[in-house]
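Participant:
There are 2 protein chains.
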Amino acid sequence: MKDFTAAMKALSDQNRVKIIKMLQHKSMCVCEIKAALNLPQPSVSKHLKILEKAGLVSSQKDGLWVNYHLSDGSRTPYAATLLGNLRHWLDDDPEIAGLVEKISFLNRKDLCK
Amino acid sequence: MKDFTAAMKALSDQNRVKIIKMLQHKSMCVCEIKAALNLPQPSVSKHLKILEKAGLVSSQKDGLWVNYHLSDGSRTPYAATLLGNLRHWLDDDPEIAGLVEKISFLNRKDLCK
DNA sequence: GCACTATATTCCTTAAAAAGAATATATAAG
DNA sequence: CTTATATATTCTTTTTAAGGAATATAGTGC
Numbered sequence: 000m001k002d003f004t005a006a007m008k009a010l011s012d013q014n015r016v017k018i019i020k021m022l023q024h025k026s027m028c029v030c031e032i033k034a035a036l037n038l039p040q041p042s043v044s045k046h047l048k049i050l051e052k053a054g055l056v057s058s059q060k061d062g063l064w065v066n067y068h069l070s071d072g073s074r075t076p077y078a079a080t081l082l083g084n085l086r087h088w089l090d091d092d093p094e095i096a097g098l099v100e101k102i103s104f105l106n107r108k109d110l111c112k
Numbered sequence: 000m001k002d003f004t005a006a007m008k009a010l011s012d013q014n015r016v017k018i019i020k021m022l023q024h025k026s027m028c029v030c031e032i033k034a035a036l037n038l039p040q041p042s043v044s045k046h047l048k049i050l051e052k053a054g055l056v057s058s059q060k061d062g063l064w065v066n067y068h069l070s071d072g073s074r075t076p077y078a079a080t081l082l083g084n085l086r087h088w089l090d091d092d093p094e095i096a097g098l099v100e101k102i103s104f105l106n107r108k109d110l111c112k
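As they're listed, the protein sequences go chains A and B. The letter at position 82 of the first sequence is residue 81 when you use numbering that gives the first Met the number 0, and the numbering goes up by one with no holes. The letter at position 34 of the second sequence is residue 33 when you use numbering that gives the first Met the number 0, and the numbering goes up by one with no holes.
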């Protein structure tokens, strides 16, 4: 039950949903997400931690960067199914569509000074 | 987006999830839910309102009682899909299983004095 | 070693949700 | 019309989550 409600709570925040939708297109480091959402870096880290605990995203260190990507869903069946549903959901949401367009132009080398 | 996060938030509370799982077995009035969950009546009404706004449950007046039942999902696709998923999810959760057993013995006539 | 950068964590403040008590509405029965 | 019952609503308090600033950790390059 806790696994289920944790997944639901993780996805009840718009910024976290946006992160999931962006990660569907490419894995991103914290500073890319920060740039895309215009949020302070600590906020992004905290949102990512909540998503990670819910089994929705995973991370991989690459030197100084930490790349976040969608989880394979092996942690909980809820996360797996929700990630599946979110593949098509919200694609035509204007805010989401705008973000997806935006991140295609983002370049990590320009973001991280 | 708001529809989606509202549905998620509605299901991020354990009591509300319990209500959904009980309503899978029979439609219930407020005082039955109150008895099953051992919650004060205003809390139950408020939880039900949140579930209703999220498109997860609907209500029907029957004299003095208000019967709540699972929504048909026509309000939002998110509610419809989540209700579908929840059909099998959490069935083996001990707390849920206990509740389902409990409500089979509940009788409205004994509850509402 | 030192300086620099990306990310994480902590602490504090603010906003939002839940719990609780009291009251209001509405329907039924006498 | 009064009483009683089921549910809803309001208001207040408490808890929980989010935002923000500052700091800590951990790599990288010199």
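For glycine and all other residues, C-beta sits at the position ideal for the given N, C-alpha and C.
Hey, how far is the Cα of ALA96/A from the Cα of HIS68/B?
Facilitator: The alpha-carbon atoms of ALA96/A and HIS68/B are separated by roughly 35 Å.
Participant: Contact between the segment 25-39 of chain B and the segment 9-26 of chain A: three or more CB pairs below 8 Å?
Facilitator: no
Participant: For SER11/A, would you say it is in contact with chain B, using Cβ-to-Cβ distances shorter than 8 Å as the test?
Facilitator: Interface residue, yes.
Participant: In whole angstroms, give me the CA-to-CA distance for GLY72/A and TRP88/B.
Facilitator: 15 Å
Participant: Show which residues of chain A have a CB atom less than 7 Å away from the CB atom of GLU94/B.
Facilitator: MET0
Participant: SER70/A to LEU55/A, Cα distance in whole Å?
Facilitator: 5 Å
Participant: Roughly how many whole angstroms lie between the Cα atoms of ASN84/B and LEU81/A?
Facilitator: Cα to Cα, ASN84/B sits roughly 10 Å from LEU81/A.
Participant: What does the alpha-carbon distance come out to for the pair ASP91/A and ASP2/B?
Facilitator: 13 Å
Participant: I want to verify the contact list: residues of chain B whose CB lies under 7 Å from the CB of ASN84/A, in sequence order.
Facilitator: THR80
Participant: Output the boundary residues of the alpha helix (DSSP H) element that contains HIS46/B.
Facilitator: 40-52
Participant: For ALA9/B and LEU50/B, which I take to be in contact (beta-carbon distance under 8 Å), what is that distance rounded to the nearest angstrom?
Facilitator: Contact flag correct, Cβ pair sits at about 5 Å.
Participant: Could you name the residues that DSSP lists as bridge partners for CYS28/A?
Facilitator: Per DSSP, ASN66/A.
Participant: Could you have a look at GLN59/A and say whether DSSP puts it in helix, strand or coil?
Facilitator: strand
Participant: Helix or strand or just coil, what does DSSP make of SER103/A?
Facilitator: helix
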